[in-house]
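Remarks on the structure that follows.
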Ligand SMILES: Nc1ncnc2c1ncn2[C@@H]1O[C@H](COP(=O)(O)OP(=O)(O)OP(=O)(O)O)[C@@H](O)[C@H]1O
Ligand SMILES: [Mg+2]
C-alpha cells in the first residue's frame, strides 16, 4: 500500500442553518485504504460522506482529492464526481432504465465510451457482482440486495478513484445484507479505496483498515477496528458500542 | 340528417383543419412546455423568473385574448404574415396562439411530474458526473413524462376542443366549428342534426385520444 493521501479533509466545517453538523473535521484517506465511519444517528456521517463528492457544500476548510481542491461547479465538478463513486442507502437506481443501462449510462454519457465498450465492461461488472443474468430487468423487479449490487457495479463502471458508501445495507432485509457486504469485502481486498458509513461490525473488522468514530459533528476517535471495538478510548464510543452491541 | 350528410365534404374539410391545428399545436406546445419546465427548474434565477412569469401570465389569460392578440394584434394590426395564402396565414397564427397557451399547461403537468421524482435519482445522476442538462434530459424529464402521460392526455383533449376558439377569435381558420356555423348561416342543413353530427365528430377525436393516453400511461409507468 502506498501512502499518498487520496482524500484529504482539512478543518472542514458545515452548518445546516444553526445546526453545526461538521466541526473541524480533519481526515485523510490513503489510496487503497478502507475507512469505516461509525457513530450515533445525526452525528454527521452522511453529511461527511456527501461533502467528499460535493453533494453537500462546506462552509470553511478544504477538501482535496488526489491533491486537488474540489471544484465548485461546472465541468470540473462533474469530472470530480465521476472520480468519486457513491453508493446510497436507498440504492437510487434509475427507475426507467434497465440494470445494464444503469451501469452503462455514466461511461457513455460522462466518459464518452462507445456503447459496445460500455456494454462489454458493464456486463463484466454485473457478472462480478453476480447479477449478470438480470441485466435486462428493471430495478423494481430486483430484490434490495440485488439492486444494491447493481448500484455498486454502476459506481465501479466509472473507474472511480474512491468509493463512498452511505449505510449501504441499512435498507436491506437481514438475509440480503451479507451478499452486499461480500461484494464490498472483495472490493476492499482488491485495493479499492473506500469510505464506508456502516454499523456492520463484522465488515469493519474484516475489511477496514481504520474506524472513525463520529459524534455531534466531530471525529471523536480513530483507530484500527480491533483496537476500536475491543478498547474504545472515549466515553462516547464506549457508550455507543454498548448500545449497538445489546441489539 | 341527409342534408347534413350531403354536406359531408364540408364537415370533413372542417375536421381536417381541426386535426392539423391540433397536431401542430400539440407538437410546438410540447417542445415549448419542456423548455419552460427546464427553465423553471434551472439553477439560473433569471430563467426561472422568465418561465414562471410566462406560465402564470399566459395560463391565466383567456385563450380568446391570446388568439385575438395573435390575429388582430400581430397579424392584422402589425401586418406580420406567416404564409402567402390567407387560409395558411391565419392557420399558423392560430397554431402560435394555441401553442403559446397550451405550453403553459404542458409545463405545469411536467413540473408536477418532476416533483414526484425522488431526490435520490438526481443525486445518483449527479454523483456519476452527469451535468445539469444531462441530468434533466436523461433522468428527470424522461421519468417525469412517464408519470404525467395521463394529465398530458387531458391537455391534448382540451387542445382539440380549444381549436374551436381559433375561428371566433378573429382568426378565420376553417376548422370544424366554423364550418358548422357557416352551414347554419347558409341554412343548408337543419340545425339539430348538424349539431349532433359535429359533436360526434369531436367525440371521434377526443374519446380515442383519452383511451389511448390511459393505455399509454399504464404501459410506460415507472415502477419504483
Ligand atoms: N438537508 C438538511 N437540512 C437540514 N438539516 C440536515 C440536512 N441533512 C442533515 N441534516 C441534519 O444534520 C445532522 C447530521 O445529519 P447526517 O445525516 O449527516 O447524520 P448521520 O450521522 O448520517 O445520521 P444517521 O445515522 O441517522 O443517518 C442531523 O441533525 C440532521 O438532522
Ligand atoms: Mg446518515
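Protein chains in written order, with this note's numbering: chain A, -6 to 240; chain B, 815 to 1038. All C-beta atoms, glycine included, are put in the ideal place defined by N, C-alpha and C.
On the criterion of 16 or more Cβ atoms from any shown chain inside 10 Å, does residue 992 of chain B qualify as buried, or is it exposed?
The residue in question, residue 992 of chain B, is buried, as its Cβ has 16 or more Cβ neighbours within 10 Å.
Could you confirm whether any beta carbon from chain A is found closer than 8 Å to the beta carbon of residue 839 of chain B?
Contacts with chain A at 8 Å (Cβ-Cβ) do not include residue 839 of chain B.
Taking 6 Å as the limit between beta carbons, can you name the residues of its chain near residue 201 of chain A, skipping five residues before and five after?
Counting only Cβ-Cβ distances below 6 Å, and skipping sequence neighbours, we find 27, 29 and 218.
Are the C-beta atoms of residue 129 of chain A and some chain B residue less than 8 Å apart?
No, no contact with chain B.
Terminal residues of the beta strand (DSSP E) in which residue 214 of chain A lies:
Residue 214 of chain A -> beta strand (DSSP E) spans 211 to 216.
List the endpoints of the continuous alpha helix (DSSP H) containing residue 847 of chain B.
The continuous alpha helix (DSSP H) containing residue 847 of chain B extends over residues 822 to 855.
How would you call residue -6 of chain A, buried or exposed, if buried means at least 16 neighbouring beta carbons within 10 angstroms?
Per-residue confidence for residue -6 of chain A stands at a pLDDT of 48, beneath the threshold of 50, marking its modelled position as unreliable; the derived number appears in the next sentence. With fewer than 16 neighbouring CB atoms inside 10 Å of its own CB, residue -6 of chain A falls in the exposed class.
Under 8 Å Cβ-Cβ, which residues of chain A neighbour residue 862 of chain B?
Here the premise fails: no neighbours, minimum Cβ distance about 17 Å.
Between the stretch 879 to 889 of chain B and the stretch 948 to 968 of chain B, can you find at least three pairs of beta-carbon atoms closer than 8 Å?
No: fewer than three Cβ pairs fall under 8 Å.
Less than 8 Å between CB atoms is the rule here; does residue 914 of chain B satisfy it with respect to chain A?
So no, residue 914 of chain B is outside the interface.
3 or more residues per run - each beta strand (DSSP E) lying fully within the stretch 161 to 221 of chain A:
As far as the stretch 161 to 221 of chain A is concerned, its whole beta strand (DSSP E) runs of at least 3 residues are 186 to 190, 203 to 208 and 211 to 216.
Are there 16 or more other CB atoms within 10 angstroms of the CB of residue 50 of chain A, so buried, or fewer, so exposed?
Exposed.
Just verifying my parser: in three-state terms, what is the DSSP assignment at residue 3 of chain A?
Assignment of residue 3 of chain A by DSSP, reduced to helix, strand and coil, places it in the strand class.
Where residue 133 of chain A meets chain B, residues with beta-carbon distance less than 7 Å:
For residue 133 of chain A, the chain B residues whose C-beta falls within less than 7 Å of its own C-beta are 1037 and 1038, listed in chain order.
Around the C-beta of residue 38 of chain A, are 16 or more other C-beta atoms found within 10 angstroms, so that it is buried, or is it exposed?
Under this definition residue 38 of chain A is a buried residue.
Residue 967 of chain B versus B:1032, B:876, B:1026 and B:861, residue with shortest Cα-Cα distance:
Checking every option, the nearest Cα to that of residue 967 of chain B belongs to B:1026.
What residues match up with residue 78 of chain A in a beta bridge as DSSP calls it?
As DSSP reads the structure, residue 78 of chain A sits in a beta bridge with A:156.
Buried or exposed: which applies to residue 85 of chain A, given that a residue is buried once 16 or more other Cβ atoms fall within 10 Å of its Cβ?
Counting of Cβ neighbours within 10 angstroms places residue 85 of chain A among the buried residues, the total reaching 16 or more.
Report the three-state DSSP secondary structure of residue -6 of chain A (helix, strand or coil).
For residue -6 of chain A, the predicted structure reports a pLDDT of 48, less than 50, and the residue's modelled location is therefore unreliable. A value from the coordinates is still provided. DSSP places residue -6 of chain A in coil when its eight states are reduced to three.
Closer than 8 Å to chain A by CB, residue 1033 of chain B:
At a cut-off of 8 Å between beta-carbon atoms, residue 1033 of chain B makes no contact with chain A.
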